[in-house]
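Per the numbering used here, the sequence shown starts with residue 17, numbered consecutively.
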Amino acid sequence: MPDTYNYPVEIEQDEDGRYVVTFLDFGWGATDGATRDEALGEARDLLRELIAATMREGKDLPEPSRATRRQFVVVPPVPIALKAALYEAFRDTGLSQRRLARDLGVAESEVRRMLNPDHATRTGTIDRALRQLGKRVTLTVGEAA
């Protein structure tokens, strides 16, 4: 299970002068922008979708590779990073959704919503579920790029 969902990207300028961003760890997906900053902003949105699509497909999220000097690191929106952490922790335990719901004292439908990347879930709810699964959330704040 990854302990971070920050992924490196490659940025290249195409023949039209646009900046094209790709996430090599996922093996698919690209976005672009007129400027490097715009392309990186679009990359954040794309990373959210790459993580969500992987979760919807029931696949393992790739371990983020180490960024090279020529790469940028894209940090996903906090809500999808928390959902990804819960998704991975849940899959690692082998528990059923019904069992997790019982352990948390909630309806099974609530667990389905927590694991749904397209459904908003309160941070405290995800934190509680992660703790039940033996994980904890930590927060690191760094300088803006």
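Idealized CB from N, CA, C, for every residue including glycine.
Legend entry - Distance CB(Gln87)-CB(Val25) smaller than 8 Å: If you number the sequence shown from 1, residue 87 lands on position 71. If you number the sequence shown from 1, residue 25 lands on position 9. Contact: yes.
Legend entry - Entirely enclosed beta strand (DSSP E) segments - the segment 53-102, minimum 3 residues: Whole beta strand (DSSP E) segments, 3+ residues: 88-90.
Inset, instruction - Using 10 angstroms around the beta-carbon of Glu28, count the other beta-carbons present and answer buried if the total reaches 16, otherwise exposed. - result: What you label residue 28 is simply residue 12 of the sequence shown in a count that begins at 1. So Glu28 counts as exposed.
Inset, instruction - Using three-state DSSP, classify Val127 as helix, strand or coil. - result: If you number the sequence shown from 1, residue 127 lands on position 111. Three-state result, Val127: helix.
Inset, instruction - Give the range of the alpha helix (DSSP H) segment to which Ala160 is assigned. - result: In the sequence shown, the residue the question calls residue 160 occupies position 144. Note, Ala160: premise wrong, no alpha helix (DSSP H); not H, not E.
Inset, instruction - Confirm, please, whether the CB-CB distance from Ala46 to Asp134 is below 8 Å. - result: Start at 1 with the first residue of the sequence shown, and residue 134 comes out as number 118. Start at 1 with the first residue of the sequence shown, and residue 46 comes out as number 30. Contact: no.
Inset, instruction - Could you pull out every residue in the same chain whose Cβ sits closer than 6 Å to the Cβ of Leu98, ignoring the five residues on either side in sequence? - result: What you label residue 98 is simply residue 82 of the sequence shown in a count that begins at 1. Here the set comprises Ile142.
Inset, instruction - Compare the beta carbon distance of Pro78 and Phe106 with 8 Å and say whether it is the shorter of the two. - result: Taking the sequence shown and counting its residues from 1, the one referred to as residue 78 is at position 62. Taking the sequence shown and counting its residues from 1, the one referred to as residue 106 is at position 90. Going by C-beta atoms, Pro78 is not nearer than 8 Å to Phe106.
Legend entry - One or two residues paired with Gln29 in a DSSP bridge: In the sequence shown, counting from the first residue as 1, residue 29 sits at position 13. Answer is Tyr35, bridged to Gln29.
Inset, instruction - For the segment 104-120 and the segment 144-155, state whether three or more C-beta atom pairs, one from each stretch, are separated by less than 8 Å. - result: The answer is yes - the segment 144-155 touches the segment 104-120, with three or more Cβ pairs under 8 Å.
Legend entry - Ala46 in three-state terms, based on DSSP: The residue labelled residue 46 in the question sits at position 30 within the sequence shown. Residue state, collapsed to three classes: strand.
Legend entry - Proximal residues to Arg72 (C-beta, below 7 Å), its chain only, five neighbours per side dropped: Your numbering for residue 72 matches position 56 in the sequence shown. Close CB contacts of Arg72 within its chain, under the 7 Å cut and outside five residues either way in sequence, are with Pro133 (chain order).
Inset, instruction - May I have the straight-line CA-CA distance separating Pro92 from Arg60, to the nearest angstrom? - result: Residue 92 sits at position 76 when you count from the first residue of the sequence shown. Residue 60 sits at position 44 when you count from the first residue of the sequence shown. When rounded, the distance between both Cα atoms is 6 Å.
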